[in-house]
Amino acid sequence: MEYPFPPAIGGIPLDGRLILGPMAGITSLPYREFMRPFGISLAVTEMISDCGLLHGNKKTKEYFATSEGDRPLAVQLFGFSLENSLKAIDVLEKEASYDFLDLNFGCPVPKVTKTGAGSSWLKREGELGEYVAGVVRKSQKPVTAKIRLGWDENSINVDKICRVLEVSGVSLITVHARTRAQGYSGLADFRMIEGLGRRLSVPLAISGDVKEPRSSMEAMELTGASFLMLARYGVGDPLLAKELSAALDGHGETFRRTVGEQAGFALEYLERMVSYFGERTALGILRGVLPKFFRSFPGDRKIRREFVETARDIASMRATLKAMKENNCY
159 MEYPFPPAIG GIPLDGRLIL GPMAGITSLP YREFMRPFGI SLAVTEMISD
209 CGLLHGNKKT KEYFATSEGD RPLAVQLFGF SLENSLKAID VLEKEASYDF
259 LDLNFGCPVP KVTKTGAGSS WLKREGELGE YVAGVVRKSQ KPVTAKIRLG
309 WDENSINVDK ICRVLEVSGV SLITVHARTR AQGYSGLADF RMIEGLGRRL
359 SVPLAISGDV KEPRSSMEAM ELTGASFLML ARYGVGDPLL AKELSAALDG
409 HGETFRRTVG EQAGFALEYL ERMVSYFGER TALGILRGVL PKFFRSFPGD
459 RKIRREFVET ARDIASMRAT LKAMKENNCY
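Numbering-wise (this note's numbering), the sequence shown opens with residue 159 and increments by one.
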C-alpha cells in the first residue's frame, strides 16, 4: 500500500513505520531494548509527569533513562498546565537524551484525568491549542501528540482536535481509536477516522487492537495512516512486531510460535530486567509479564501459576524458562 508520508517525523528519518507505544509499568529501558531488534523504528517511554520532574522525583527520572541502542526515542510528557510543562521541558532538555517530545492527551485513567491531564484535554479544545503551541515553541525537539476519539461516544471530536494539533505545530498525531469512556474495553473503531491521514498535513499513527497484520493493514488503508503503534498485544509476543514490520514494508511474513522459542525470548527479557533493575524489583514485574509469552498456547494457565504463584525468586524463574527452552514444552 502507499502511505501519505515517508517514514520520517519532524524531518527526522526513521528506518520503518512501526512504533512501540508507551505502557505504564512495561516500556522501561530494558523492555524497549529487548523489542528493538524485532522491527521497532521508534519507541516511546512510559508517560512522565511534569510535576514529578519538577519535584525531582527519582522514579520519574528513571522513565527517561536510555542507551545507545535505544534510539530514536520519544519521551512522553503529561501535565495539566503550560507553566508546569514548560519548566519540565527545561529539566528534560538538561538531563535527558531523546529525539521527540510526545504529549499525552489520551490517558483515560481517572487519577490522571481528574487533574486535568491526559484525555481530559479533549474537552478543552481552546486551551489545548494554547498549550501545544507553547510547548512547540519551547521544545528543541519535534513535538508529537497522542489522543483518543473523544471523551465519550457523545463527544467524538477527533477531527477538531487533530486540526488544533496540526495548527499548533505538532509533527505527528497518534490516534487511539477508542474514547476515554471506553478505556481499553470494547473495540477500537477505525471507521471514525476513515481517511484522516490523507486530510492531515502531518503524518498519522494509529493505535488500538493492533494484534495481527491483516486487520492492522486494513486499518492503515482505511485511515490513511503512515505509522502503526504496537502496545499491549506485543507484550510477550515480539514476533508480532516482526510480522507487523514486514507487513508495513509490503511483505506477508508470518512466524509459527513454539514454546521453546518463546521461552528463549522470555529468558532474554528476564536477564535484561534483572541486569537493569536488580532481582527484587525485576521479580515483581516479571510475575506479571512472563506469562504473556505463553498466552497463545494450550494450558497457559499452568505456566501462569508457575510464575505468579509458585516462583519465589529469579533463580526458579530462570530454571523454569531454561527447561522450557531446551525441552520445547512446559
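Virtual Cβ for every residue (Gly too), placed ideally from N, Cα, C.
Three-state secondary structure (DSSP) of residue i
i      : result
Ile461 : helix
Asn242 : helix
Pro361 : coil
Gly366 : coil
Leu280 : helix
Val333 : strand
Met350 : helix
Glu226 : coil
Glu251 : helix
Leu212 : helix
Ser313 : coil
Gly355 : helix
Arg338 : coil
Glu160 : coil
Ser373 : helix
Residues of its chain near residue i, where Cβ-Cβ distance is below 7 Å and the 5 sequence neighbours each way are ignored
i      : result
Ile351 : Val316, Val333, Ala335 and Thr381
Ser278 : Thr271
Thr487 : At residue 487 the sequence reads Cys, which differs from the Thr that was named. Here the set comprises Val417.
Asp257 : Ile170, Arg229, Pro230, Leu231, Ala232 and Lys299
Ala406 : According to the sequence displayed, residue 406 carries Leu and not Ala. Once the five neighbours on either side are set aside, the close Cβ partners of Leu406 are Gly174, Arg175, Leu176 and Leu386.
N- and C-terminal bounds of the beta strand (DSSP E) containing residue i
i      : result
Ala291 : It is not in any beta strand (DSSP E) - Ala291 instead sits in the alpha helix (DSSP H) that spans Glu283 to Lys296.
Leu200 : Leu200 to Val202
Ile177 : Leu176 to Leu178
Range of the contiguous alpha helix (DSSP H) that encloses residue i
i      : result
Phe192 : Leu187 to Met193
Asn485 : Ile472 to Asn485
Ile319 : Val316 to Ser326
Pro268 : Pro268 to Thr271
Lys216 : Lys216 to Glu220
Cutoff 6 Å; reference residue i; Cβ partners in own chain excluding five residues on either side
i      : result
Tyr161 : Ser384
Ala339 : Asp310
Lys296 : Leu244 and Ile247
Ala346 : Ala335, Arg336, Gly366 and Asp367
Leu448 : Ala424 and Phe465
Gly264 : Ser277, Lys304, Ile305, Arg306 and His334
Gly168 : Pro300 and Ser329
Residues bridged to residue i (per DSSP)
i      : result
Phe236 : Ser207
Asn262 : Lys304
Ala166 : Pro171
Leu231 : Ala201
Chain-order list of residues whose beta-carbon lies under 8 Å from that of residue i (same chain, five-residue window excluded)
i      : result
Val294 : Val301, Ser326, Gly327 and Val328
Ser373 : Asp367
Ala404 : Gly197, Pro371, Gly410 and Glu411
Lys400 : Phe196, Gly197, Glu411 and Phe413
Glu484 : Gly418
Asn242 : Asp208, Cys209 and Leu212
Glu285 : Trp279
Contained alpha helix (DSSP H) runs [length at least 4] in the segment 375-458, N- to C-terminal order: Fully enclosed alpha helix (DSSP H) runs of 4 or longer: 396-406, 417-435 and 437-447.
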